[in-house]
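Input: a single structure, listed below in structure tokens.
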Amino acid sequence: MSAVDAAVDVHHDDHHHGPAKGIRRWIFATNHKDIGTLYMWFSFAMFLLGGSFAMVIRAELFQPGLQLVEPEFFNQMTTMHGLVMVFGAVMPAFVGLANWMVPLMIGAPDMALPRLNNLSFWILPFAFATMASTLFMEGGGPNFGWTFYAPLSTTYAPPSVTFFIFAVHMMGISSILGAINVIATILNMRAPGMTLMKMPLFVWSWLITAFLLIAVMPVLAGAVTMMLMDIHFGTSFFDAAGGGDPVLFQHVFWFFGHPEVYIMILPSFGVVSQIIPVFARKRLFGYESMVYAMAAIAFLSFIVWSHHMFVSGIPLSGQLYFMYATMLIAVPTGVKVFNWVATMFRGAMTFETPMLFSVAFVILFTIGGFTGLMMAMAPVDYQYHDTYFIVAHFHYVLVPGAVFAIFAAVYYWLPKWCGNMYDERLGKLHFWLSFVSVNVLFFPMHFVGLAGMPRRIPDYALQFADYNLLASIGGFAFGLSQLFFMFIVIKTIRGGRKATAEVWEGAKDTTLEWTVPSPAPFHTFETPPVVK
Amino acid sequence: MLLNARQKWLGALIAPSFVASSAVAEPLSKINLRPGATELSQDIYDLHMLILWICVAIGVAVFSVMIYSMIAHRKSLGREPATFHENTKLELLWTLIPILILVAMAVPATGTLIEINSPEDADMDVVVTGYQWKWQYEYPGTGVSFFSVLRTPSDEIYNREAKGEHYLLEVDEPLVIPTGKKVRFLITAKDVIHSWWVPDFGVKRDAVPGYVSELWTRVDEPGVYRGQCAELCGKDHGFMPVVVVAKEPAEFDAWLAERQEAAAREAELASKDWTLDELMARGEQVYARNCAACHQANGAGAPPAFPPLKDSPIALGDPQRHIEVVYDGVPGTYMAAYGEQLSEVDLAAVITYERNAWGNNVGDQVNPIDIVEFAKSN
Ligand SMILES: [Cu+2]
Chain A
912 MSAVDAAVDV HHDDHHHGPA KGIRRWIFAT NHKDIGTLYM WFSFAMFLLG GSFAMVIRAE
972 LFQPGLQLVE PEFFNQMTTM HGLVMVFGAV MPAFVGLANW MVPLMIGAPD MALPRLNNLS
1032 FWILPFAFAT MASTLFMEGG GPNFGWTFYA PLSTTYAPPS VTFFIFAVHM MGISSILGAI
1092 NVIATILNMR APGMTLMKMP LFVWSWLITA FLLIAVMPVL AGAVTMMLMD IHFGTSFFDA
1152 AGGGDPVLFQ HVFWFFGHPE VYIMILPSFG VVSQIIPVFA RKRLFGYESM VYAMAAIAFL
1212 SFIVWSHHMF VSGIPLSGQL YFMYATMLIA VPTGVKVFNW VATMFRGAMT FETPMLFSVA
1272 FVILFTIGGF TGLMMAMAPV DYQYHDTYFI VAHFHYVLVP GAVFAIFAAV YYWLPKWCGN
1332 MYDERLGKLH FWLSFVSVNV LFFPMHFVGL AGMPRRIPDY ALQFADYNLL ASIGGFAFGL
1392 SQLFFMFIVI KTIRGGRKAT AEVWEGAKDT TLEWTVPSPA PFHTFETPPV VK
Chain B
47 MLLNARQKWL GALIAPSFVA SSAVAEPLSK INLRPGATEL SQDIYDLHML ILWICVAIGV
107 AVFSVMIYSM IAHRKSLGRE PATFHENTKL ELLWTLIPIL ILVAMAVPAT GTLIEINSPE
167 DADMDVVVTG YQWKWQYEYP GTGVSFFSVL RTPSDEIYNR EAKGEHYLLE VDEPLVIPTG
227 KKVRFLITAK DVIHSWWVPD FGVKRDAVPG YVSELWTRVD EPGVYRGQCA ELCGKDHGFM
287 PVVVVAKEPA EFDAWLAERQ EAAAREAELA SKDWTLDELM ARGEQVYARN CAACHQANGA
347 GAPPAFPPLK DSPIALGDPQ RHIEVVYDGV PGTYMAAYGE QLSEVDLAAV ITYERNAWGN
407 NVGDQVNPID IVEFAKSN
């Protein structure tokens, strides 16, 4: 055990701070590493659940015609797939990474508010149990898409919508508490000498993300509360027959929803900005412009929401404004991509699994960015809107985007978490399986979308058959590859070559987590390190 | 537009295979937007190709630098890493150049967007109303109005029969418009949000209950143009296609006149004396078109969401109550108020049918006059 740990016993001679034994360790967890671990496993479980819904979707779309499920159930699958992946898989994975890594990266002993931390995690299993249980209720689960536009989600919703609303409220509370904790930790607990502009970019990305969360989760709560009132208390916020406005729902939803997509991508930017310099053995290019670019993206994310609504009937002036504002996002996003490329340029690169996933992230996320730019052009979006082109776009930024960043982060930090190196050969195999299958899965969606296939349909016209078949094959392969990922992770936790403290060559010079032993002891940085 | 010529030139230069002269003659592209049948859809297509190629060019430039360094700057080649980590000039450059490209793209996009949103001075109007799960088309001032419902039989959908050429993209009664005329669409919905989309016109607009939004088109080539509902609208969202037939003006006028006569004949039917058999025959058709989506052709429904009508207490009980349910619907459920969708004759026929089909055998009949009286007393 390290010298740091010895210092613990001197300070707290009344009792020893080891982890509690058995299940109590997890239920009463207040240690940031344990809570981080809980978040990661929860997220992976949700990834498999949401993934199995996706498998139902791809199986039904394998061929034209209705084979496996009825349209009613198909709609529940698309809805639950989206909700579970966004709120259950991607967001909690990043919160888990923040829990594990933010204190380690800023030299803090733990998160600022450990009990709150416990609460924000333990809300989640209840929220998702509530959500998943709706599938077994009379009338079925939510079937109105993850964007739950009123009045389909109010007047015309199945009775289970009330449970859906409460589940969303719970997730929102969990996210807000988590965000408060991250902000309190980063602003108050940095090691002496670590000024804001010396913080690792992953920490920066989370600081910005946390502010986005606090700003928009209440808006989402507002939207679902108005739904609740419309359904049960006779109001007409979204009911035209009572003088309400269905389009209002979309404004409120996307005022939450657009920042939400950056909540899922900013931490990915942070992860990739940590990994690329380490494996290029070269300092990150343009650290400051990276920070400003993230701040700019976060700001812009609040003023572009109606680009999701170009065809909803908003006035011409609104369409023009939202088109221009949206196009602007390309500028800071471009800066980030250029900086990553410049970091790699004239480095001395090796391509271990985290780097492979990061490089794939840069390429495939950028492809998603390009289609985003195309959609920003309002007149062309008249054709793209609500087609599979959109589905292709957001899956490119979310799967080989956010999810690949999470894979990269897991391979990168897993040796630090469990003290063992993962099997590099298996990691690379997982990468190549995922990389090929994810493209076979999502690239053809661009084609069918442009050719005119609407999204969220259980059956399609014959000219879309070939590429749907291809996408389904890619989908099954991608799904199987993730079971392989689970195998690799479990194998690593159970044994393997012992990891050094530094893990990656030269990593010690980049961020603080590589200065503590592997696995990271239960308590770290009880005595703050000094950052020069 | 000035820029259009340049865009077309650009498109022709780099993408000869994509430049199709006429959408109707060409087979539908399986991988790309189609230029469509109107000037607007052509403008949109040109913009799409322009931005697509700009993205490809940027992508090739960025990724080739990246792939070059992945090959040349590897540790295994014994490379020493460089130490540079910022360059203000470079960073300014790659902030400014994208801004210039964006401005260059915003200019033609603005022109086209304004064009799309200029429905003024139309030669004629069509009111398009979305319902779960069909479209209603109305020609204001002519008395002509009808529903347009998916024609693909469920045997094809459930793979019991080979699928036809226009599988899921065919309706019983398409919208008909004249060629060469500026047609304005007034788009709205009665229940949830739908979205009326004809790719070949570059026209897509959400149909929102309580709102009427406007878009327009001018089609030059006579032909059949197919699209679909684009906004998730519930169970059969995937099964409410849009089919528009463009006819020469003279043919269109003849068609409209014929529809007007048919509408007048329909109105007379209400005062005719109907036999039970006549009502049953007509009711079966009305039922298949309007009710079978939820209550199923055999009346078994799909409980719990959609109740069976076979042996239902309402179908077997008091006819007045039965009329009320169908005429006013059941608010807050999928059961719509058919009083505003169907004629008196059709209502009478379908209610009679429900009372006597699938072994319900109540034996009574509801006449059009009963519906008229119910409507009056309401
Ligand atoms: Cu619809």
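So the protein lines, in turn, are chains A and B.
In short: position in the first sequence from 1, add 911, done, that's the working numbering.
In short: position in the second sequence from 1, add 46, done, that's the working numbering.
The beta carbon of each residue, even a glycine, is placed where N, CA and C say it ideally should be.
Computed from a predicted structure; not experimentally measured.
Cβ proximity to chain B below 8 Å picks out A1191, R1192, K1193, R1194, L1195, F1196, G1197 from the stretch 1167-1197 of chain A.
Short of 6 Å from the beta carbon of B/V396, and not among the five residues preceding or following it, lie these beta carbons of its own chain, in chain order: G329, V332, Y333. By the rule that beta-carbons nearer than 8 Å mark a contact, B/Q274 touches chain A. In this structure, DSSP gives B/R230 an extended state, which the three-state scheme calls strand. DSSP places B/C279 outside both helix and strand once states are collapsed to three, so it counts as coil. When DSSP assignments are scanned along the stretch 61-137 of chain B, the uninterrupted stretches of alpha helix (DSSP H) that are 4 or more residues long and fall wholly within it turn out to be 85-118. Residue nearest to A/F1144 within the set A/Y1293, A/D1334, A/T1065 is A/T1065 (criterion: CA-CA distance).
Boundaries for A/H1357: no beta strand (DSSP E) harbours it, while the alpha helix (DSSP H) harbouring it runs 1335-1362, taken from the DSSP string. Residue range 170-177 is occupied by the beta strand (DSSP E) that includes B/M170, with no alpha helix (DSSP H) assigned at that position. For A/H1296, the nearest beta carbon of chain B is closer than 8 Å to its own beta carbon.
One thing to note: A/E1437 has its Cβ within 8 Å of the Cβ of A/P1020.
The DSSP-derived three-state label of B/A150 is helix. Its Cα nearest to that of A/I1119, the residue A/A1095 stands out among A/M1138, A/A1095, A/P1025. A/H943 sits away from A/N1054, with the two beta carbons spaced by 8 Å or more. Under a criterion of Cβ atoms nearer than 9 Å, no residue of chain A is adjacent to B/G176; the nearest Cβ is some 12 Å distant.
Using beta-carbon distances, B/G385 does not count as an interface residue toward chain A, since no partner is under 8 Å.
Less than 8 Å separates the beta-carbon of B/V254 from that of A/G1224. Shown here for B/V290: same chain residues with a beta carbon closer than 7 Å to its own, the five before and five after excluded, namely P220, L221, I223, V244, Y271 in chain order. Beta-bridge partners of B/K180 (DSSP): B/Y177. Residues of chain B whose Cβ lies closer than 8 Å to the Cβ of A/G1386 do not exist, since the nearest Cβ in that chain is about 19 Å away. In the DSSP annotation of this structure, the continuous segment of the beta strand (DSSP E) that includes B/G273 starts and ends at 269-274. Set against 7 Å, the gap from the CB of B/C279 to the closest heavy atom of ligand 1 is smaller. In this structure, B/C340 has its CB at a distance of at least 7 Å from all heavy atoms of ligand 1. Contact fails between the stretch 1309-1319 of chain A and the stretch 1282-1298 of chain A, because fewer than three Cβ pairs, one in each stretch, are under 8 Å apart.
Residues of the same chain with a CB within less than 7 Å of the CB of A/S1429, apart from the 5 flanking positions on each side, are P1326, K1327, G1330, A1410, T1411, A1412, V1414 in chain order. Relative to ligand 1, B/G284 has its C-beta separated by 7 Å or more from all heavy atoms. Between B/K209 and A/G976, the CB-CB gap stays under 8 Å.
When DSSP states are grouped into helix, strand and coil, B/P255 belongs to the strand group. With a cut-off of 7 Å, the C-beta of B/W243 is classified as distant from ligand 1, since no heavy atom of the ligand falls inside that distance.
Bounds of the alpha helix (DSSP H) holding B/A361 are 359-362. Flagged as an interface residue toward chain B: A/N986, by a C-beta distance shorter than 8 Å.
Membership of A/H992 in the alpha helix (DSSP H) is indicated by the continuous run 982-994. The Cβ-Cβ distance between A/H1306 and A/F1353 falls below 8 Å. Distance from the Cα of A/A1206 is smallest, within the candidate group A/L1227, A/Y1235, A/I1174, A/V1189, for A/I1174. Separation of the CB atoms of A/V1248 and A/V1273 is rounded to 6 Å, and the pair is thereby assigned contact status at 8 Å.
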